[in-house]
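Notes follow once the structure below has been shown.
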Amino acid sequence: MPGNDVSIHGEWSSRWAFVLAATGSAVGLGNIWKFPYITGENGGGAFVLVYLISIGLIGIPIMMAEVMLGRRGRLSPINTMRKLAKAGGHSRHWQWLGWAGVLTGFLILSYYSVIAGWALSYTVRAATGEFTGADAGTIKNIFTDFISSPLALLGWHTLFIVMTMVIVSRGVRGGLEKAVKLLMPALFILLVLLVGFAINTGAFSRGVEFLFYPDFARIGWNGILIAMGHAFFTLSLGMGSIMVYGSYLPKNISIAKTTFLIAGADTLVALMAGMVIFPIVFANDLQAGSGPGLIFQTLPIAFGHMWGGLFFGTLFFILLVFAAWTSAISLIEPAVAWLVENHNMTRRKASVVAGFVTWFVGIGTVLSFNLADNIRLFGKTFFDLLDYLTANILLPLGGLIMAIFATWVLSTKSSVSELELGEGLKYSLWFYLVKFVAPIAVLVVFLNVINVINL
Ligand code: TRP
Numbered sequence: 447m448p449g450n451d452v453s454i455h456g457e458w459s460s461r462w463a464f465v466l467a468a469t470g471s472a473v474g475l476g477n478i479w480k481f482p483y484i485t486g487e488n489g490g491g492a493f494v495l496v497y498l499i500s501i502g503l504i505g506i507p508i509m510m511a512e513v514m515l516g517r518r519g520r521l522s523p524i525n526t527m528r529k530l531a532k533a534g535g536h537s538r539h540w541q542w543l544g545w546a547g548v549l550t551g552f553l554i555l556s557y558y559s560v561i562a563g564w565a566l567s568y569t570v571r572a573a574t575g576e577f578t579g580a581d582a583g584t585i586k587n588i589f590t591d592f593i594s595s596p597l598a599l600l601g602w603h604t605l606f607i608v609m610t611m612v613i614v615s616r617g618v619r620g621g622l623e624k625a626v627k628l629l630m631p632a633l634f635i636l637l638v639l640l641v642g643f644a645i646n647t648g649a650f651s652r653g654v655e656f657l658f659y660p661d662f663a664r665i666g667w668n669g670i671l672i673a674m675g676h677a678f679f680t681l682s683l684g685m686g687s688i689m690v691y692g693s694y695l696p697k698n699i700s701i702a703k704t705t706f707l708i709a710g711a712d713t714l715v716a717l718m719a720g721m722v723i724f725p726i727v728f729a730n731d732l733q734a735g736s737g738p739g740l741i742f743q744t745l746p747i748a749f750g751h752m753w754g755g756l757f758f759g760t761l762f763f764i765l766l767v768f769a770a771w772t773s774a775i776s777l778i779e780p781a782v783a784w785l786v787e788n789h790n791m792t793r794r795k796a797s798v799v800a801g802f803v804t805w806f807v808g809i810g811t812v813l814s815f816n817l818a819d820n821i822r823l824f825g826k827t828f829f830d831l832l833d834y835l836t837a838n839i840l841l842p843l844g845g846l847i848m849a850i851f852a853t854w855v856l857s858t859k860s861s862v863s864e865l866e867l868g869e870g871l872k873y874s875l876w877f878y879l880v881k882f883v884a885p886i887a888v889l890v891v892f893l894n895v896i897n898v899i900n901l
């Protein structure tokens with residue numbers, strides 16, 4: 447009977463361990479690197495509003511569904527889906543959801559690692575005083591020179607993959623719990639400090655206005671898709687990261703409460719990152735829409751001019767690397783757990799295999815910033831294409847199918863007993879959001895982007 451046994455991979459030692467690990471997965475480059483740059487590219491306030499609505503109406507309910515499926519299945523997402531479908535007498539094809547998730551995880555990690563490599567390199571640059579006193583122009587040149595060197599990017603990408611695989615091969619529980627407990631609060635405090643710096647740039651109110659004043663003329667359906675896709679990306683939803691972490695969750699823990707905590711912390715970090723970046727952008731006459739390099743072209747200006755900038759700059763990039771690290775682990779865990787379950791591999795061997803594949807695909811992203819930046823498909827570089835495909839198509843689709851499975855296929859008896867929300871209003875709210883609102887919202891956005899309907 448699903449739900450009664452214990453995961454063969456071990457379990458979290460407490461509710462906090464799960465909250466920390468899942469927060470570690472959620473808070474990452476998505477919050478600090480991606481959220482500001484896509485907000486900048488998509489006009490600010492209206493985009494942020496769509497993102498926040500997506501978190502509340504789609505992200506949180508689906509996150510509860512994903513944790514629930516994991517805890518009921520207790521195996522890697524592929525085997526969890528197979529087991530749950532079988533137990534309810536449904537088609538074994540549901541396991542394809544797990545497969546799609548594994549593929550999506552590889553694809554995301556392949557470029558995620560390249561960007562995490564940028565953060566590694568910037569840690570060294572900050573520590574060696576490269577930013578001290580530098581103006582916006584110099585900072586921009588440092589960035590452009592850096593990304594035009596394929597070897598430099600490849601080296602840092604390789605280092606980050608190795609770092610990730612070392613942790614994954616030891617199992618996600620031990621080291622991770624301790625690291626996240628210390629580093630997440632540190633990252634948070636540092637962001638508060640940086641908001642303090644941003645307040646003194648003289649452009650704080652402009653930055654905040656950009657972030658929170660919605661001007662709907664600036665956003666179209668594609669922007670709405672990007673905002674919605676980012677809600678999945680930032681909460682680690684739709685590919686099995688949260689499902690596999692849910693499978694290590696002991697039985698007596700409230701899924702709803704933990705989900706709210708995780709989503710709340712994640713959103714707060716993203717909004718704070720925005721409140722740091724945009725004032726610096728406007729105070730230095732930079733372009734809000736300058737793309738993936740945005741934080742690397744703005745934050746060093748702050749570190750170059752603030753008191754203790756060498757120390758705080760170094761610390762910031764170290765913490766950013768850690769945030770990326772704890773996310774990267776969760777991207778590859780579904781694949782590694784499956785290799786261990788079905789191929790009788792040791793975790794170590796499984797990590798090497800998974801790491802090598804990811805590293806190899808990552809070379810495409812490395813080159814898309816330099817040698818191959820003129821190779822375009824649909825007007826996008828390899829990196830842009832991979833990002834668009836995963837964040838805006840595969841994750842919402844994965845989430846949609848999870849939502850359908852959790853509410854249309856799985857018996858309500860199962861979800862009632864797993865979620866422990868009672869059978870009243872709270873449960874109904876979750877149920878109807880996941881059964882109707884989230885799937886319809888995802889479909890409406892998809893259909894509008896491909897112009898099949900016009901809403
Ligand atoms: N949420 C992480 C971030 O914002 C990235 C991440 C980890 C992720 N696991 C995921 C994104 C699973 C999508 C799916 O940086």
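Going from the sequence shown to our numbering is simple: count from 1 and add 446. Beta carbons are placed, not taken as given, at the ideal position from N, Cα and C, and that holds for glycine. The model shown is predicted, which means the values in this text are computed figures rather than measured ones.
Residues near residue i by beta carbon distance below 8 angstroms, same chain, minus five either side
i    : result
S567 : F592, A598 and W602
F589 : G739, F742 and Q743
T853 : A511, S861, F877, V880 and K881
S651 : none
Residue environment, residue i, which counts as buried when at least 16 other CB atoms sit within 10 Å
i    : result
T792 : exposed
H676 : buried
L544 : Position check: residue 544 holds Gly in this sequence, whereas Leu was assumed. Buried.
M447 : Note that M447 has pLDDT 40, beneath the 50 cutoff, so the model's placement of it is unreliable and the number below is only indicative. M447 comes out exposed.
H539 : exposed
I847 : buried
R664 : exposed
I561 : buried
E864 : buried
V452 : exposed
V626 : buried
E779 : buried
V898 : exposed
I886 : exposed
Selected residue, minimal CA-CA separation from residue i, among the options
i    : options                   : result
L503 : I454, I899, V570 and A673 : A673
N698 : T584, G825, V548 and L867 : L867
G648 : P725, H455, L841 and I764 : P725
M718 : L823, L605, V883 and F658 : F658
L639 : L832, L745, S453 and T578 : L745
A582 : N730, A463 and G801       : N730
G474 : G750, T680, S736 and F728 : T680
S594 : E869, N816, L553 and L893 : N816
G844 : N897, V786, G808 and F678 : F678
L756 : A533, A573, S814 and Y483 : A573
A884 : M527, M509 and L856       : M509
V803 : S556, V888 and A546       : S556
D833 : S500, Y558 and I645       : Y558
I850 : A463, G563 and A531       : A531
G579 : E623, V782, G754 and S500 : G754
I613 : S776, A546, G489 and H536 : S776
Same chain, Cβ closer than 6 angstroms to residue i, neighbours up to 5 away in sequence not counted
i    : result
G449 : In this predicted model, G449 has a pLDDT of only 42, less than 50, meaning its place in the structure is not dependable enough to derive any value.
N900 : none
G692 : V513, G516 and R517
G505 : A677 and L681
M689 : E512, L515, G516 and P523
L495 : P660
Range covered by the alpha helix (DSSP H) that runs through residue i
i    : result
Q743 : L740 to H751
I821 : No alpha helix (DSSP H) contains I821, which DSSP labels as neither H nor E.
I896 : Premise fails: I896 is in no alpha helix (DSSP H) and is neither H nor E.
N788 : G755 to H789
K532 : P523 to A533
W542 : Q541 to A573
V799 : R793 to S814
P685 : A quick correction: the sequence has Met, not Pro, at residue 685. Segment: none, M685 is in no alpha helix (DSSP H) and carries neither H nor E.
H455 : No alpha helix (DSSP H) holds H455; DSSP gives it neither H nor E.
K703 : I701 to A729
E512 : I506 to G519
E576 : No alpha helix (DSSP H) contains E576, which DSSP labels as neither H nor E.
V654 : F650 to F658
I850 : L841 to I850
L832 : F828 to D833
T485 : F481 to E487
Other residues of its chain near residue i: CB distance less than 7 angstroms, five sequence neighbours each side excluded
i    : result
A632 : L765
R461 : I699 and T704
V895 : W667, N668 and L671
R794 : S615
V465 : T704, L707 and I708
V654 : M721
T569 : T760, F763, I764 and V767
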